[in-house]
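Enquirer: Below is a structure I'd like to ask you about.
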Amino acid sequence: MLPIAGKPMLEHIVDRLRGAGIDDILVAVGYRREVIEAHFPSLNFVTQEVVEGTAAAVKLGQDFAGREPFLLTFGDILCDAGNYSGIAEMFARRNAAAVIGVKRVDDPWQGAAVYADESGRVSQIVEKPAPGTSATNWNSAGLYAFAPIVFDEIDRVKKSPRGEYEITSAIEQLIAACEPVFLFEMHGAWKDVGRPEDLDAAAGILSSA
């Protein structure tokens, strides 16, 4: 709910989702959820009582998604609206189990390193690799498309060394099961707003979009 360019960051994300034709939106909430719910009366909400990682948060959306494919975006990621429709189109075209939105970086140590062949099929994803250890420049960018099979994999995910249930672990299991997982290179403006100093940079992105 921190304001960027005059309105809460989440509102920018919702506006872009709707701009891409996505109106059926579920938000996982926790701390100060009453503030978020009051600001967005038209959205659907589910409460994450215990913060246990990204896979645990996604699991909360199983009833909402049912047996339909769905998009997942993290709440601290700003990107162009075209990326939402683009990743959905690739998901359908490739008949995928999962598609991972990626950005090219010098070193993906702050996110998740994504390895893929020339066709874009993902062979490995490594959460928070040590700096300088990755042989790929693809970084998971906080946007995904999933088939409902991902919920079966989430049920089998074990806690990571960080003590969390990671969505990357579920993706690794899909890859190990030879399910089709692909990457989608995100285009246009993109910003991970994870620190206070990122707010000004995000406002600059929005003002130039």
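Residue numbers for the sequence shown follow numbering that gives the first Met the number 0, so the first one is 0 and each next one is one higher. Even for Gly, the Cβ is constructed at its ideal location relative to N, Cα and C.
#1: Among residues of its own chain, excluding the 5 on either side of residue 119, which ones have a beta-carbon nearer than 6 Å to its beta-carbon?
#2: Alpha carbons only, please: which of 35, 66, 22 is nearest the one belonging to residue 1?
#3: Output the distance between the C-alpha atoms of residue 6 and residue 123, rounded to the nearest integer angstrom.
#4: Keeping to the same chain, check which residues put their C-beta closer than 6 Å to that of residue 27; ignore five residues upstream and five downstream.
#5: Tell me whether residue 29 sits in a helix, a strand or coil according to DSSP, three-state version.
#6: With a threshold of 16 other CB atoms inside 10 Å of the CB of residue 129, please say whether the residue is buried or exposed.
#7: Exposed or buried, which one is residue 15 when buried takes at least 16 other CB atoms within 10 Å?
#8: Any contact of the region 135-142 with the region 69-83, i.e. 3+ C-beta pairs under 8 Å?
#9: For the candidate residues 138, 105, 104, 148, whose alpha-carbon lies nearest to that of residue 94?
#10: For residue 53, name the three-state secondary structure that DSSP assigns.
#11: What does a CB cutoff of less than 8 Å around residue 101 pick up in its chain, not counting 5 residues either side in sequence?
#12: Where residue 65 and residue 103 are concerned, what is the direct C-alpha to C-alpha distance, given to the nearest angstrom?
#13: Enumerate in chain order the residues of its own chain whose CB-to-CB distance from residue 132 is below 8 Å, with the five nearest sequence positions on each side excluded.
Expert: Judging by the given coordinates:
#1: 181, 182
#2: Distances from the alpha-carbon of residue 1 to those of 35, 66, 22 put 35 closest.
#3: 37 Å
#4: Excluding the 5 residues flanking it on each side, residue 27 has same chain C-beta neighbours closer than 6 Å at 45, 47, 56, 59, in chain order.
#5: strand
#6: Here residue 129 is exposed: its Cβ has fewer than 16 other Cβ atoms, across all protein chains shown, within 10 Å.
#7: With 16 or more other Cβ atoms within 10 Å, it is buried.
#8: They touch, by the three-pair rule.
#9: Of the listed residues, the one whose Cα sits closest to residue 94 is 148.
#10: Annotated three-state conformation of residue 53 is helix, per DSSP.
#11: 113, 137, 138, 139, 140, 182, 183, 184, 185
#12: 33 Å
#13: 108
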